[in-house]
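In the order they appear, the protein sequences are chains A and B. Going by my numbering, 34 is the number at position 53 of the first sequence; the sequence numbering is gapless. Going by my numbering, 169 is the number at position 188 of the second sequence; the sequence numbering is gapless. Here a beta-carbon is modelled for each residue, glycine too, at the ideal position from N, C-alpha and C.
There are 2 protein chains.
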Amino acid sequence: MVKALIFDVFGTVVDWRTGVSQDVATYCAEAGLSVDSVAFAVAWRNLYQPAMEAIRSEGRGYVPLDVLHRENLDKVLVDFSLDAAVGEADRVRLNRAWEKLPPWPDSLPGLKRLKTRYPIAPCSNGSIALMTWLARYGGLPWDAILGAEIARDYKPKPAVYRASAAAFGMRPEETMMVAAHNSDLEAARSAGLKTAFFPRPTEHGDNQTVDLEATSDWDVIATDMVDLADQLVD
Amino acid sequence: MVKALIFDVFGTVVDWRTGVSQDVATYCAEAGLSVDSVAFAVAWRNLYQPAMEAIRSEGRGYVPLDVLHRENLDKVLVDFSLDAAVGEADRVRLNRAWEKLPPWPDSLPGLKRLKTRYPIAPCSNGSIALMTWLARYGGLPWDAILGAEIARDYKPKPAVYRASAAAFGMRPEETMMVAAHNSDLEAARSAGLKTAFFPRPTEHGDNQTVDLEATSDWDVIATDMVDLADQLVD
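This is the structure in structure tokens:
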């Protein structure tokens, strides 16, 4: 029996592509720079997995995602020929784009309803601080902030899911991982958790080809966060 | 300049003595047992510091406070000659008394106002799970749950205050510890944090003799949580 819910955040709860690209566009307009802000956001995000892999399996000690985002920003600025144009203070400001990401429209009503029955927390690769700023920006009603920083490792390592369940005092099988990414749920299931899926068909834009539907028999399959609440809350 | 606030919880935000003693009284009435429930709650709480000391300085590995509370409950039941009368399931139930503690009347309005300007989190010796259940019980509007479990050690060890500040991405001097206990603030100040005090003159009942007033020049001295918000929020 499920007693707690934990959630992927980037893509599942918030729209990182819109949020980051709009903040990059705003900055570039102010700074008089010309850039394809969506391509910039996507290139920045594409460095996310290799940066975490250094910690997951290449011996690098844990650092919060904010640090990885900043290192990746420096690389993307080089790739977009903006390295000379963007100084240190502006890089600090740009890195905070990840703290101001819009929730998908159904996220807040769904989470608020789910919270009436279950304790809810992010199980994201974002740091406690980053998850806190996102929650304050978007009004996300988390009961606690769990995830990578609790485990000092990164998803999809099983320790992250298990540590998040344990921090709520739960066994893995009492905890349900909610995500719009099938691979996240594969890992959560392997770690012993229950799983819930709904798609975010425009997370990667209008021509998205991945995660448009469930690719396994997850414990719950929904259309969005509100439908998940309809299925889990009486 | 202070950018985040962290809070002691037992005594400062919630009334543990009333909450625990009432839950013990309710259980004993249901079970047909006779006990001085306030004396029982106080005896239970008196084992709190020595239990943590085993972890702080005697080499025991970190276990969550819920585990220490349970070990201490077993001892108090012996001391009150209730060891034979209370079975395992009832001990599990009794230990959850710590999850249902009433906030002081000013705690919610003060915290809600402070949250409009600052990120707020408990920096308690309670576990993430216990702080989550207390928040859900009392409606405490925390942005995140910090404290002992983040540091895997217990206050007043400096690592607990510093890890809580760091989890918010803050330097110690950007973080203010709020407590109704002067000793907690001494430790927080030694760890580099800013400090705020207000008294809880009936935490230990009507004849309380400790922590009735500030014993040092804390950065802010208030009368209660609402007065603290008056002083910190425009």
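| Residues in the segment 147 to 170 of chain A having any Cβ partner in chain B nearer than 9 Å | For chain B, the residues of the segment 147 to 170 of chain A that bring a beta carbon within less than 9 Å of one of its beta carbons are Ala147, Ala148, Phe149, Gly150 and Met151, in chain order.
| query | Residues in its own chain within less than 6 Å of Ala129 (chain B) by CB, not counting five upstream and five downstream? | reply | Excluding residues within five positions, the ones whose Cβ falls inside 6 Å are Asn106, Tyr135 and Val141.
| query | What is the DSSP secondary structure of Pro216 (chain B), counted as helix, strand or coil? | reply | The question about residue 216 (chain B) has no answer here: the residues shown for chain B are numbered -18 through 215.
| query | How is the alpha helix (DSSP H) around Lys56 (chain A) delimited, first residue to last? | reply | Leu46 to Asp60 is the extent of the alpha helix (DSSP H) around Lys56 (chain A).
| said: For Val1 (chain B) and Trp79 (chain B), which I take to be in contact (beta-carbon distance under 8 Å), what is that distance rounded to the nearest angstrom? | reply: With 8 Å as the limit, Val1 (chain B) and Trp79 (chain B) qualify as a contact, their Cβ atoms being about 7 Å apart.
| In or out: Arg77 (chain B) buried (at least 16 other Cβ within 10 Å) or exposed? | For Arg77 (chain B), the number of other beta carbons within 10 angstroms of its own is below 16, and it is reported as exposed.
| request: Within the same chain, show all residues whose beta-carbon is closer than 8 Å to that of Ala161 (chain B), passing over the 5 residues directly before and after it, in chain order. | output: These residues qualify, in order along the chain: Asp(-11), Gly(-8), Thr(-7), Phe178, Phe179, Pro180, Arg181, Glu184 and Asp192.
| message | DSSP three-state label for Gly128 (chain B), please. | response | The answer is strand: DSSP assigns Gly128 (chain B) an E or B state.
| task | Flag this pair as yes or no: are the beta carbons of Ala210 (chain B) and Leu95 (chain B) separated by less than 7 Å? | result | Yes, these two residues count as a Cβ contact at 7 Å.
| With 7 Å set as the bound, which would you pick, yes or no: does the beta-carbon of Pro100 (chain B) sit closer than that to a beta-carbon of chain A? | Closer than 7 Å: yes.
| query | Does the beta-carbon distance from Ile36 (chain B) to Tyr29 (chain B) come in below 7 Å? | reply | No, they are not a contact pair.
| message | My assumption, with CB atoms under 8 Å, is that Pro139 (chain A) sits in contact with Ala172 (chain A). Please give the rounded CB distance. | response | Contact holds; Cβ gap of about 4 Å.
| request: Leaving aside the five residues before and after Met157 (chain A) along the sequence, list all residues of the same chain whose C-beta is less than 6 Å from its C-beta, in chain order. | output: Within the same chain, Val(-17), Leu(-14), Lys175 and Ala177 come within 6 Å of Met157 (chain A) by CB-CB distance, once the 5 residues on both sides are set aside.
| message | Could you tell me the alpha carbon to alpha carbon distance between Asp(-4) (chain B) and Asn188 (chain B), rounded to whole angstroms? | response | Rounded to whole angstroms, Asp(-4) (chain B) to Asn188 (chain B) spans 15 Å at the Cα level.
| Which same chain residues, not among the five before or five after Thr190 (chain B), have their C-beta less than 7 Å away from its C-beta? | Taken in chain order, the list of residues that qualify is empty.
| query | If you run the structure through DSSP and keep just helix, strand and coil, what is Val214 (chain B)? | reply | Coil at Val214 (chain B), not helix or strand.
| query | Within this structure, are the beta carbons of Ser88 (chain A) and Pro45 (chain A) separated by less than 7 Å? | reply | Pairing Ser88 (chain A) with Pro45 (chain A) gives a Cβ-Cβ distance that is not under 7 Å.
| In chain order, each alpha helix (DSSP H) run of at least 4 residues that lies wholly inside the segment -4 to 41 of chain B | Taken in chain order, the complete alpha helix (DSSP H) segments of 4 residues or longer contained in the segment -4 to 41 of chain B are -3 to 12, 18 to 27 and 29 to 38.
| said: Tell me which residue opens and which closes the alpha helix (DSSP H) that Lys93 (chain B) is part of. | reply: Per DSSP, Lys93 (chain B) belongs to the alpha helix (DSSP H) from Ser88 to Lys96.
| said: Taking the beta strand (DSSP E) that Thr176 (chain A) belongs to, which residues open and close that run? | reply: Thr176 (chain A) -> beta strand (DSSP E) spans Lys175 to Phe178.
| request: Excluding the 5 residues preceding and the 5 following Val67 (chain B) in the sequence, name in chain order all residues of the same chain whose CB lies nearer than 6 Å to its CB. | output: Here the set comprises Leu58.
| query | List, in order along the chain, the chain A residues whose C-beta lies closer than 8 Å to that of Arg133 (chain B)? | reply | Chain A residues near Arg133 (chain B): none, gap ~11 Å exceeds 8 Å.
| said: Can you confirm whether Thr113 (chain A), when its beta carbon is compared against all beta carbons of chain B, has any partner nearer than 7 Å? | reply: At least one chain B Cβ lies under 7 Å of Thr113 (chain A).
| Would a C-beta distance cut-off of 7 Å place Leu49 (chain A) and Ala32 (chain A) closer than the cut-off? | Yes, the Cβ-Cβ distance between Leu49 (chain A) and Ala32 (chain A) is below 7 Å.
| 8 Å Cβ cut-off: residues of chain A touching Asp47 (chain B) | Chain A residues near Asp47 (chain B): Gly150.
| task | Quick one: grab the DSSP three-state call for Met112 (chain A). | result | Of the three classes helix, strand and coil, the one that applies to Met112 (chain A) here is helix, per DSSP.
| message | Distance check for Glu167 (chain A) and Leu14 (chain A), CA to CA, integer angstroms please. | response | Computed Cα separation, rounded: 42 Å.
| message | Alpha carbons only, please: which of A:Asn53, A:Ser38, A:Asp71 and A:Arg(-2) is nearest the one belonging to Cys9 (chain A)? | response | Just measuring C-alpha positions, the residue of A:Asn53, A:Ser38, A:Asp71 and A:Arg(-2) sitting nearest Cys9 (chain A) is A:Asp71.
| message | Less than 7 Å between the C-beta atoms of Met206 (chain B) and Gly120 (chain B), yes or no? | response | Not in contact: Met206 (chain B) and Gly120 (chain B) (Cβ atoms no closer than 7 Å).
| Helix, strand or coil: how does DSSP classify Met(-18) (chain B) here? | The DSSP-derived three-state label of Met(-18) (chain B) is coil.
| message | Would you say Ile109 (chain B) lies against chain A (beta-carbon separation less than 7 Å)? | response | Interface residue, yes.
| task | Note down the Cα distance separating Arg26 (chain B) from Tyr118 (chain A), rounded to an integer number of angstroms. | result | Our two residues, Arg26 (chain B) and Tyr118 (chain A), have alpha carbons roughly 39 Å apart in a direct line.
| field | Residues near Ala169 (chain A) by beta carbon distance below 6 Å, same chain, minus five either side | value | Contacts found: Tyr142, Met158 and Thr176.
| task | Kindly indicate which residue of B:Asn163, B:Leu213 and B:Pro137 has the alpha-carbon position closest to the one of Glu194 (chain B). | result | Answer by Cα proximity: B:Asn163.
| said: Quick check on this structure: which residue in B:Pro103, B:Trp123, B:Arg(-2) and B:Glu39 has the alpha carbon closest to the alpha carbon of Ala24 (chain B)? | reply: By alpha-carbon distance to Ala24 (chain B), the top candidate from B:Pro103, B:Trp123, B:Arg(-2) and B:Glu39 is B:Arg(-2).
| Supposed contact pair Ala132 (chain B) and Ala146 (chain B) - C-beta distance, whole angstroms, cut 8 Å | The distance from the Cβ of Ala146 (chain B) to that of Ala132 (chain B) is about 11 Å, inconsistent with a contact at the 8 Å cut-off.
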